[in-house]
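Take a look at the structure below.
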Amino acid sequence: MRAITGFIGGALSLTLALAPIAGRADDAIVKIGFAAPLTGPSAADGKEMENAARLAVEDANSRHPTLKGKAVRFELEPQDDQGDPRIASQIAQRFADIGVSGVVGHFNSTCSIAAARTYSAANIAQVSPSSTSASYTQQGYKTTFRVVGHDAVAGATLGNYLVDQLKAKRIAIIDDQTDFGRGLADRVEATLRERHANVVAHEYVTDKTIDFSAVLTKLRAKNPDVIVFGGFDAQAAQVVRRMRSLGLTATLVGEGFNNEIFLDLAKGEGEGSLAVQPGIPFSQMPGLDFVNRYRTRFGTSLKGFQGPYAYDAASVIIEAVLKAQSKDPAKVLAAVADSSIKGATGPIAFDARGDLASAPYTLYKLEGKDWRDIDVIRAKQ
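The sequence shown lines up with residues 1 to 381 when you count with UniProt numbering.
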(Lines of atoms letter the chains of each structure in order from A and count residues from 1; the text may use other names and numbers.)
(Lines give C-alpha, C1' and ligand atoms only; values in the text may rest on other atoms or scores of the structure.)
Protein backbone atom coordinates (compact mmCIF):
# COMPACT_ATOMS: atom_id res chain seq x y z
CA MET A 1 0.00 0.00 0.00
CA ARG A 2 1.51 3.29 -1.07
CA ALA A 3 0.93 6.13 1.33
CA ILE A 4 -0.33 9.65 1.06
CA THR A 5 0.46 11.66 4.10
CA GLY A 6 -0.63 14.87 5.71
CA PHE A 7 -2.36 15.82 8.94
CA ILE A 8 -6.10 16.12 8.54
CA GLY A 9 -7.85 17.27 11.15
CA GLY A 10 -43.44 9.07 -6.50
CA ALA A 11 -40.49 10.38 -8.54
CA LEU A 12 -41.53 14.04 -8.97
CA SER A 13 -41.94 14.60 -5.25
CA LEU A 14 -38.55 13.06 -4.59
CA THR A 15 -36.91 15.20 -7.23
CA LEU A 16 -38.44 18.35 -5.75
CA ALA A 17 -36.95 17.43 -2.38
CA LEU A 18 -33.42 17.84 -3.67
CA ALA A 19 -31.60 21.12 -3.20
CA PRO A 20 -30.41 22.95 -6.33
CA ILE A 21 -26.89 22.15 -7.47
CA ALA A 22 -24.90 24.30 -9.81
CA GLY A 23 -23.96 22.90 -13.21
CA ARG A 24 -20.57 21.48 -14.03
CA ALA A 25 -17.87 23.66 -12.53
CA ASP A 26 -14.97 25.26 -14.33
CA ASP A 27 -11.49 23.78 -14.07
CA ALA A 28 -10.64 25.90 -11.03
CA ILE A 29 -13.37 24.31 -8.87
CA VAL A 30 -13.23 20.83 -7.34
CA LYS A 31 -16.67 19.75 -6.15
CA ILE A 32 -17.13 17.34 -3.25
CA GLY A 33 -20.60 15.98 -2.67
CA PHE A 34 -22.07 15.73 0.81
CA ALA A 35 -25.27 13.85 1.64
CA ALA A 36 -27.00 13.29 4.98
CA PRO A 37 -30.36 14.00 6.62
CA LEU A 38 -30.53 17.77 7.07
CA THR A 39 -34.22 17.67 8.01
CA GLY A 40 -36.17 15.21 10.13
CA PRO A 41 -35.23 13.36 13.34
CA SER A 42 -31.53 13.00 12.44
CA ALA A 43 -31.10 16.59 11.21
CA ALA A 44 -28.85 17.58 14.13
CA ASP A 45 -26.43 14.78 13.26
CA GLY A 46 -26.54 15.66 9.59
CA LYS A 47 -25.88 19.35 10.18
CA GLU A 48 -22.88 18.63 12.38
CA MET A 49 -21.47 16.41 9.68
CA GLU A 50 -22.03 19.07 7.04
CA ASN A 51 -20.31 21.69 9.19
CA ALA A 52 -17.35 19.40 9.81
CA ALA A 53 -16.95 18.54 6.14
CA ARG A 54 -17.16 22.24 5.33
CA LEU A 55 -14.40 22.94 7.83
CA ALA A 56 -12.19 20.38 6.07
CA VAL A 57 -12.84 22.13 2.76
CA GLU A 58 -12.06 25.53 4.27
CA ASP A 59 -8.85 24.18 5.78
CA ALA A 60 -7.80 22.79 2.41
CA ASN A 61 -8.53 26.06 0.63
CA SER A 62 -6.51 27.99 3.20
CA ARG A 63 -3.46 26.02 2.02
CA HIS A 64 -3.92 27.36 -1.55
CA PRO A 65 -4.15 23.98 -3.33
CA THR A 66 -3.01 23.45 -6.90
CA LEU A 67 -3.51 20.80 -9.56
CA LYS A 68 -0.71 20.56 -12.09
CA GLY A 69 0.50 24.01 -11.14
CA LYS A 70 -2.89 25.71 -11.41
CA ALA A 71 -4.74 27.08 -8.40
CA VAL A 72 -7.98 25.31 -7.52
CA ARG A 73 -10.67 25.73 -4.92
CA PHE A 74 -12.65 22.97 -3.22
CA GLU A 75 -16.40 23.41 -2.86
CA LEU A 76 -18.83 21.36 -0.79
CA GLU A 77 -22.16 20.46 -2.40
CA PRO A 78 -24.54 19.56 0.47
CA GLN A 79 -27.74 17.61 -0.15
CA ASP A 80 -30.51 16.53 2.21
CA ASP A 81 -31.29 12.83 1.73
CA GLN A 82 -33.84 12.96 4.59
CA GLY A 83 -32.70 9.50 5.66
CA ASP A 84 -34.68 8.13 2.71
CA PRO A 85 -32.87 5.60 0.48
CA ARG A 86 -34.93 6.63 -2.56
CA ILE A 87 -33.85 10.23 -2.22
CA ALA A 88 -30.28 9.10 -1.51
CA SER A 89 -30.20 7.26 -4.85
CA GLN A 90 -31.46 10.34 -6.69
CA ILE A 91 -28.84 12.50 -5.01
CA ALA A 92 -26.13 10.05 -6.05
CA GLN A 93 -27.23 10.41 -9.67
CA ARG A 94 -27.24 14.19 -9.37
CA PHE A 95 -23.70 14.09 -8.01
CA ALA A 96 -22.63 11.90 -10.92
CA ASP A 97 -24.28 14.28 -13.38
CA ILE A 98 -22.45 17.37 -12.10
CA GLY A 99 -19.09 15.60 -11.89
CA VAL A 100 -18.16 15.64 -8.22
CA SER A 101 -14.72 14.25 -7.45
CA GLY A 102 -15.93 12.26 -4.44
CA VAL A 103 -18.78 12.08 -1.93
CA VAL A 104 -18.91 12.35 1.84
CA GLY A 105 -21.93 10.25 2.75
CA HIS A 106 -24.30 9.02 3.63
CA PHE A 107 -25.23 9.13 7.33
CA ASN A 108 -27.70 6.23 7.44
CA SER A 109 -26.44 2.82 6.37
CA THR A 110 -29.68 2.24 4.44
CA CYS A 111 -29.00 5.36 2.36
CA SER A 112 -25.33 4.52 1.83
CA ILE A 113 -26.24 1.04 0.63
CA ALA A 114 -28.98 2.32 -1.68
CA ALA A 115 -26.74 4.95 -3.29
CA ALA A 116 -23.66 2.75 -3.64
CA ARG A 117 -24.64 1.23 -6.98
CA THR A 118 -24.89 4.64 -8.63
CA TYR A 119 -21.55 5.78 -7.25
CA SER A 120 -19.97 2.55 -8.45
CA ALA A 121 -21.33 3.02 -11.97
CA ALA A 122 -19.84 6.53 -12.04
CA ASN A 123 -16.50 5.51 -10.43
CA ILE A 124 -17.08 7.99 -7.60
CA ALA A 125 -15.49 7.30 -4.21
CA GLN A 126 -18.18 7.23 -1.51
CA VAL A 127 -16.64 7.80 1.93
CA SER A 128 -19.14 7.46 4.77
CA PRO A 129 -18.42 9.07 8.13
CA SER A 130 -21.02 7.03 9.98
CA SER A 131 -22.58 4.11 8.09
CA THR A 132 -21.74 1.12 10.25
CA SER A 133 -23.77 -1.69 8.68
CA ALA A 134 -21.33 -4.43 7.70
CA SER A 135 -23.33 -4.89 4.48
CA TYR A 136 -22.35 -1.45 3.17
CA THR A 137 -18.84 -2.51 2.11
CA GLN A 138 -19.81 -6.09 1.27
CA GLN A 139 -21.76 -5.39 -1.92
CA GLY A 140 -18.82 -6.03 -4.21
CA TYR A 141 -18.25 -2.40 -5.22
CA LYS A 142 -14.80 -0.82 -5.32
CA THR A 143 -16.15 2.63 -4.48
CA THR A 144 -17.43 2.11 -0.90
CA PHE A 145 -15.31 3.33 2.02
CA ARG A 146 -15.91 4.33 5.62
CA VAL A 147 -13.82 5.98 8.33
CA VAL A 148 -15.59 4.20 11.22
CA GLY A 149 -15.83 0.58 12.27
CA HIS A 150 -18.80 -1.61 11.45
CA ASP A 151 -21.58 -3.24 13.43
CA ALA A 152 -20.34 -6.81 13.27
CA VAL A 153 -17.47 -5.86 15.55
CA ALA A 154 -19.51 -3.39 17.61
CA GLY A 155 -22.22 -5.99 18.19
CA ALA A 156 -19.73 -8.61 19.29
CA THR A 157 -18.10 -6.08 21.61
CA LEU A 158 -21.45 -5.28 23.23
CA GLY A 159 -22.52 -8.90 23.49
CA ASN A 160 -19.32 -9.98 25.19
CA TYR A 161 -19.49 -7.05 27.61
CA LEU A 162 -23.02 -7.96 28.64
CA VAL A 163 -21.89 -11.49 29.48
CA ASP A 164 -18.43 -10.87 30.94
CA GLN A 165 -18.80 -7.55 32.74
CA LEU A 166 -22.48 -6.78 33.23
CA LYS A 167 -23.34 -10.41 34.04
CA ALA A 168 -26.75 -9.92 32.42
CA LYS A 169 -29.27 -12.66 33.20
CA ARG A 170 -32.28 -11.80 31.02
CA ILE A 171 -31.63 -9.84 27.83
CA ALA A 172 -34.29 -8.41 25.52
CA ILE A 173 -33.56 -6.92 22.10
CA ILE A 174 -35.42 -4.30 20.07
CA ASP A 175 -34.35 -3.23 16.59
CA ASP A 176 -35.69 -0.64 14.18
CA GLN A 177 -35.30 -2.86 11.10
CA THR A 178 -32.89 -0.44 9.41
CA ASP A 179 -29.60 -1.78 8.09
CA PHE A 180 -27.90 -0.14 11.06
CA GLY A 181 -30.30 -1.23 13.80
CA ARG A 182 -30.91 -4.72 12.49
CA GLY A 183 -27.20 -5.30 11.85
CA LEU A 184 -26.26 -4.32 15.38
CA ALA A 185 -29.10 -6.23 17.03
CA ASP A 186 -28.49 -9.41 15.04
CA ARG A 187 -24.77 -9.42 15.82
CA VAL A 188 -25.38 -8.79 19.52
CA GLU A 189 -27.89 -11.64 19.58
CA ALA A 190 -25.57 -14.00 17.71
CA THR A 191 -22.77 -13.26 20.18
CA LEU A 192 -25.07 -13.75 23.15
CA ARG A 193 -26.27 -17.10 21.83
CA GLU A 194 -22.70 -18.18 21.14
CA ARG A 195 -22.00 -17.37 24.78
CA HIS A 196 -25.15 -19.25 25.89
CA ALA A 197 -26.66 -16.09 27.39
CA ASN A 198 -30.40 -15.88 28.06
CA VAL A 199 -32.09 -13.85 25.29
CA VAL A 200 -35.73 -13.60 26.38
CA ALA A 201 -37.13 -11.69 23.37
CA HIS A 202 -36.28 -9.93 20.10
CA GLU A 203 -38.92 -7.37 19.14
CA TYR A 204 -39.21 -4.98 16.20
CA VAL A 205 -40.17 -1.35 15.62
CA THR A 206 -39.35 1.01 12.74
CA ASP A 207 -37.16 4.08 12.54
CA LYS A 208 -40.39 6.11 12.40
CA THR A 209 -41.89 4.69 15.61
CA ILE A 210 -42.85 7.38 18.13
CA ASP A 211 -44.72 5.48 20.84
CA PHE A 212 -42.87 2.49 22.29
CA SER A 213 -45.54 1.62 24.86
CA ALA A 214 -46.80 -1.54 23.17
CA VAL A 215 -43.44 -3.20 22.61
CA LEU A 216 -42.14 -2.27 26.06
CA THR A 217 -45.30 -3.44 27.78
CA LYS A 218 -44.79 -6.77 26.03
CA LEU A 219 -41.18 -6.91 27.20
CA ARG A 220 -42.10 -5.98 30.76
CA ALA A 221 -43.71 -9.40 31.12
CA LYS A 222 -40.30 -10.95 30.33
CA ASN A 223 -38.65 -9.09 33.24
CA PRO A 224 -35.40 -8.25 31.41
CA ASP A 225 -32.42 -6.78 33.23
CA VAL A 226 -30.97 -5.46 29.95
CA ILE A 227 -32.70 -4.09 26.84
CA VAL A 228 -30.53 -3.80 23.74
CA PHE A 229 -31.82 -1.19 21.30
CA GLY A 230 -30.67 -1.26 17.69
CA GLY A 231 -31.59 2.23 16.50
CA PHE A 232 -30.70 5.91 16.56
CA ASP A 233 -30.17 8.36 19.42
CA ALA A 234 -33.49 10.25 19.35
CA GLN A 235 -35.48 7.04 19.50
CA ALA A 236 -33.18 5.53 22.12
CA ALA A 237 -34.02 8.45 24.39
CA GLN A 238 -37.75 7.87 23.88
CA VAL A 239 -37.28 4.17 24.62
CA VAL A 240 -35.58 4.78 27.96
CA ARG A 241 -38.17 7.38 29.01
CA ARG A 242 -41.01 4.97 28.26
CA MET A 243 -39.15 2.16 30.01
CA ARG A 244 -39.02 4.19 33.22
CA SER A 245 -42.65 5.31 32.98
CA LEU A 246 -43.67 1.65 32.71
CA GLY A 247 -41.56 0.67 35.69
CA LEU A 248 -38.87 -1.12 33.70
CA THR A 249 -35.54 -0.81 35.52
CA ALA A 250 -33.50 -2.65 32.88
CA THR A 251 -30.28 -1.11 31.58
CA LEU A 252 -30.60 0.32 28.07
CA VAL A 253 -27.72 -0.72 25.82
CA GLY A 254 -26.98 0.23 22.21
CA GLU A 255 -24.66 2.00 19.82
CA GLY A 256 -24.03 5.63 19.04
CA PHE A 257 -26.43 7.38 21.42
CA ASN A 258 -23.73 8.51 23.85
CA ASN A 259 -24.29 12.17 23.04
CA GLU A 260 -26.08 15.35 24.07
CA ILE A 261 -29.01 14.58 21.79
CA PHE A 262 -29.82 11.55 23.94
CA LEU A 263 -29.24 13.53 27.14
CA ASP A 264 -31.58 16.32 26.05
CA LEU A 265 -34.38 13.99 24.99
CA ALA A 266 -34.06 11.41 27.77
CA LYS A 267 -34.84 14.10 30.38
CA GLY A 268 -32.68 12.53 33.07
CA GLU A 269 -34.09 9.01 32.69
CA GLY A 270 -31.05 7.35 31.10
CA GLU A 271 -28.83 6.83 34.16
CA GLY A 272 -26.63 3.76 33.75
CA SER A 273 -27.27 3.36 30.02
CA LEU A 274 -24.43 1.86 28.00
CA ALA A 275 -23.43 2.70 24.42
CA VAL A 276 -20.63 1.42 22.25
CA GLN A 277 -19.22 3.96 19.82
CA PRO A 278 -16.87 3.57 16.85
CA GLY A 279 -13.67 5.47 17.49
CA ILE A 280 -11.92 6.81 20.55
CA PRO A 281 -13.07 9.52 22.99
CA PHE A 282 -12.67 13.12 21.84
CA SER A 283 -10.12 13.66 24.62
CA GLN A 284 -7.84 11.00 23.11
CA MET A 285 -8.12 12.03 19.47
CA PRO A 286 -4.81 13.07 17.93
CA GLY A 287 -6.66 15.92 16.22
CA LEU A 288 -8.26 17.22 19.41
CA ASP A 289 -7.82 20.78 18.15
CA PHE A 290 -10.55 20.00 15.60
CA VAL A 291 -13.13 19.95 18.41
CA ASN A 292 -12.04 23.40 19.57
CA ARG A 293 -11.83 24.81 16.06
CA TYR A 294 -15.33 23.51 15.30
CA ARG A 295 -16.67 25.39 18.32
CA THR A 296 -14.90 28.57 17.25
CA ARG A 297 -16.02 28.34 13.61
CA PHE A 298 -19.68 27.44 14.17
CA GLY A 299 -20.36 28.89 17.62
CA THR A 300 -21.52 25.61 19.13
CA SER A 301 -20.01 22.47 20.60
CA LEU A 302 -20.26 19.07 18.96
CA LYS A 303 -23.24 17.11 20.26
CA GLY A 304 -22.70 13.85 18.36
CA PHE A 305 -19.68 11.76 17.46
CA GLN A 306 -19.93 12.13 13.70
CA GLY A 307 -18.28 15.53 13.28
CA PRO A 308 -14.63 14.47 13.42
CA TYR A 309 -15.37 11.52 11.14
CA ALA A 310 -17.08 13.74 8.57
CA TYR A 311 -14.01 15.98 8.71
CA ASP A 312 -11.79 12.99 8.07
CA ALA A 313 -14.02 11.62 5.30
CA ALA A 314 -13.81 14.95 3.47
CA SER A 315 -10.08 15.13 4.11
CA VAL A 316 -9.54 11.67 2.61
CA ILE A 317 -11.14 12.86 -0.62
CA ILE A 318 -9.25 16.16 -0.61
CA GLU A 319 -5.90 14.46 -0.08
CA ALA A 320 -6.74 11.95 -2.81
CA VAL A 321 -7.48 14.76 -5.27
CA LEU A 322 -4.15 16.37 -4.46
CA LYS A 323 -2.26 13.08 -4.70
CA ALA A 324 -3.87 12.21 -8.02
CA GLN A 325 -3.36 15.79 -9.21
CA SER A 326 -6.72 15.42 -10.86
CA LYS A 327 -10.37 15.96 -10.07
CA ASP A 328 -11.37 13.07 -12.33
CA PRO A 329 -13.45 10.74 -10.11
CA ALA A 330 -11.80 7.55 -11.35
CA LYS A 331 -8.31 8.86 -10.60
CA VAL A 332 -9.43 10.19 -7.23
CA LEU A 333 -11.00 6.81 -6.46
CA ALA A 334 -7.69 5.04 -6.99
CA ALA A 335 -5.97 7.47 -4.63
CA VAL A 336 -8.69 7.07 -1.98
CA ALA A 337 -8.23 3.30 -2.01
CA ASP A 338 -4.50 3.86 -1.45
CA SER A 339 -5.00 6.32 1.42
CA SER A 340 -2.85 6.32 4.51
CA ILE A 341 -3.35 9.53 6.45
CA LYS A 342 -3.16 10.90 9.95
CA GLY A 343 -6.75 11.92 10.53
CA ALA A 344 -8.29 13.95 13.31
CA THR A 345 -9.72 10.68 14.63
CA GLY A 346 -6.53 8.67 14.19
CA PRO A 347 -4.73 6.83 11.39
CA ILE A 348 -6.84 6.02 8.33
CA ALA A 349 -6.05 3.28 5.84
CA PHE A 350 -8.48 0.99 4.06
CA ASP A 351 -8.55 -2.73 3.43
CA ALA A 352 -9.65 -4.26 0.13
CA ARG A 353 -13.34 -3.80 0.96
CA GLY A 354 -13.01 -0.15 2.00
CA ASP A 355 -13.20 -0.80 5.73
CA LEU A 356 -10.67 0.63 8.15
CA ALA A 357 -7.71 -1.71 8.48
CA SER A 358 -7.96 -1.33 12.25
CA ALA A 359 -10.86 0.29 14.08
CA PRO A 360 -11.18 1.32 17.74
CA TYR A 361 -14.43 1.19 19.71
CA THR A 362 -15.22 2.90 22.98
CA LEU A 363 -17.78 1.77 25.54
CA TYR A 364 -19.53 4.58 27.42
CA LYS A 365 -21.71 4.62 30.53
CA LEU A 366 -24.10 7.44 31.44
CA GLU A 367 -23.38 8.72 34.94
CA GLY A 368 -25.48 11.72 35.87
CA LYS A 369 -25.18 14.12 32.95
CA ASP A 370 -21.90 12.74 31.65
CA TRP A 371 -21.04 9.88 29.33
CA ARG A 372 -17.95 8.29 30.90
CA ASP A 373 -15.71 6.20 28.68
CA ILE A 374 -15.09 2.92 30.49
CA ASP A 375 -13.19 0.89 27.91
CA VAL A 376 -11.45 1.33 24.55
CA ILE A 377 -11.17 -1.73 22.35
CA ARG A 378 -9.18 -1.84 19.13
CA ALA A 379 -10.24 -4.64 16.84
CA LYS A 380 -9.39 -5.69 13.32
CA GLN A 381 -12.44 -5.66 11.06
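We put the CB at the ideal spot given by N, CA and C, even for glycine.
Does the Cβ-Cβ distance between residue i and residue j come in under 8 Å?
{"i": "Q277", "j": "D45", "result": "no"}
{"i": "A217", "j": "M285", "result": "Looking at the sequence itself, residue 217 is Thr, so the reference to Ala does not match. Not a contact, by the Cβ cut-off of 8 Å."}
{"i": "A266", "j": "V57", "result": "no"}
{"i": "D312", "j": "G231", "result": "no"}
{"i": "E255", "j": "A116", "result": "no"}
{"i": "R187", "j": "A152", "result": "yes"}
{"i": "G33", "j": "V148", "result": "no"}
{"i": "I341", "j": "A60", "result": "no"}
{"i": "V215", "j": "A168", "result": "no"}
{"i": "T137", "j": "T143", "result": "no"}
{"i": "S131", "j": "N108", "result": "yes"}
{"i": "V163", "j": "R195", "result": "yes"}
{"i": "H106", "j": "A35", "result": "yes"}
{"i": "K31", "j": "L38", "result": "no"}
{"i": "A172", "j": "P224", "result": "yes"}
{"i": "A357", "j": "M49", "result": "no"}
{"i": "G343", "j": "G287", "result": "yes"}
{"i": "V336", "j": "V316", "result": "yes"}
{"i": "residue 382", "j": "T251", "result": "Here the chain comprises residues numbered 1 to 381, so residue 382 is not present and cannot be evaluated."}
{"i": "A352", "j": "N123", "result": "no"}
When DSSP builds the beta bridges, which residues end up paired with residue i?
{"i": "residue 393", "result": "An answer regarding residue 393 cannot be provided, because it is not within the stretch 1 to 381 covered by the chain."}
{"i": "V373", "result": "Sequence check: residue 373 is Asp here, not Val. DSSP output for D373 lists Y364 as bridge partner(s)."}
{"i": "L76", "result": "I32"}
{"i": "I341", "result": "I348"}
{"i": "V104", "result": "F34 and V127"}
{"i": "E255", "result": "V276"}
{"i": "T144", "result": "Q126"}
{"i": "T66", "result": "A71"}
{"i": "L356", "result": "F350"}
Alpha carbons only, please: which of the options is nearest the one belonging to residue i?
{"i": "N258", "options": "G270, G247, L248 and T249", "result": "G270"}
{"i": "residue 385", "options": "V316, F262 and D233", "result": "Coverage of the chain is limited to positions 1 through 381, which leaves residue 385 absent and any answer about it impossible."}
{"i": "A88", "options": "G304, G99, C111 and H150", "result": "C111"}
{"i": "F229", "options": "T178, G247, K167 and Q138", "result": "T178"}
{"i": "residue 384", "options": "G183, T249 and V215", "result": "What the structure shows of the chain is the stretch from 1 to 381, and residue 384 is not part of that stretch, so it cannot be assessed."}
{"i": "G368", "options": "N198, S131 and L263", "result": "L263"}
{"i": "A324", "options": "M49, S101 and L38", "result": "S101"}
{"i": "G304", "options": "A320, L288, A335 and F282", "result": "F282"}
{"i": "G140", "options": "I374, G354 and A52", "result": "G354"}
{"i": "A53", "options": "T118, P308, I280 and V321", "result": "P308"}
{"i": "S245", "options": "G268, D84 and R170", "result": "G268"}
{"i": "residue 421", "options": "A43, S120, A156 and V291", "result": "Since the first and last residues shown for the chain are 1 and 381, residue 421 lies out of range."}
{"i": "D97", "options": "D84, L55, P85 and A121", "result": "A121"}
{"i": "G40", "options": "N51, A28 and G83", "result": "G83"}
{"i": "F350", "options": "S133, R146 and A28", "result": "R146"}
{"i": "R170", "options": "V200, T251 and D289", "result": "V200"}
{"i": "residue 384", "options": "I261, P85, P347 and T300", "result": "Given a span of 1 to 381 for the chain in the structure shown, any question on residue 384 remains unanswerable."}
{"i": "A71", "options": "S326, I348 and I374", "result": "S326"}
Report yes if the C-beta of residue i is less than 7 Å from at least one heavy atom of the ligand GDP; otherwise report no.
{"i": "R94", "result": "Ligands are entirely absent from the displayed structure, and the ligand GDP is therefore not among its contents."}
*Write down every uninterrupted run of the beta strand (DSSP E) in the stretch 158–237 whose length is 3 residues or greater and which is fully enclosed by it, in chain order.*
Complete beta strand (DSSP E) runs here, min 3: 171–175, 199–204 and 226–230.
*Could you tell me whether the stretch 197–216 touches the stretch 238–252, using the rule of 3 or more Cβ pairs below 8 Å?*
Result yes; three or more Cβ-Cβ pairs closer than 8 Å.
*asked:* Taking 8 Å as the cut-off, does the stretch 360–369 touch the stretch 66–80 (at least 3 CB pairs, one atom from each stretch)?
replied: With the rule of 3 Cβ pairs closer than 8 Å, the stretch 66–80 does not count as touching the stretch 360–369.
*Where are the alpha helix (DSSP H) runs, 4 residues long or more, that stay fully inside the stretch 285–332, in chain order?*
Entirely contained in the stretch 285–332, the alpha helix (DSSP H) runs reaching 4 residues are, in chain order, 289–298 and 306–324.
_Any contact between the stretch 84–93 and the stretch 64–71? By contact I mean 3 or more CB pairs, one from each, below 8 Å._
Output reads no: the stretch 64–71 does not touch the stretch 84–93.
*Three or more C-beta pairs below 8 Å linking the stretch 293–301 and the stretch 118–128*: Segments in contact, no.
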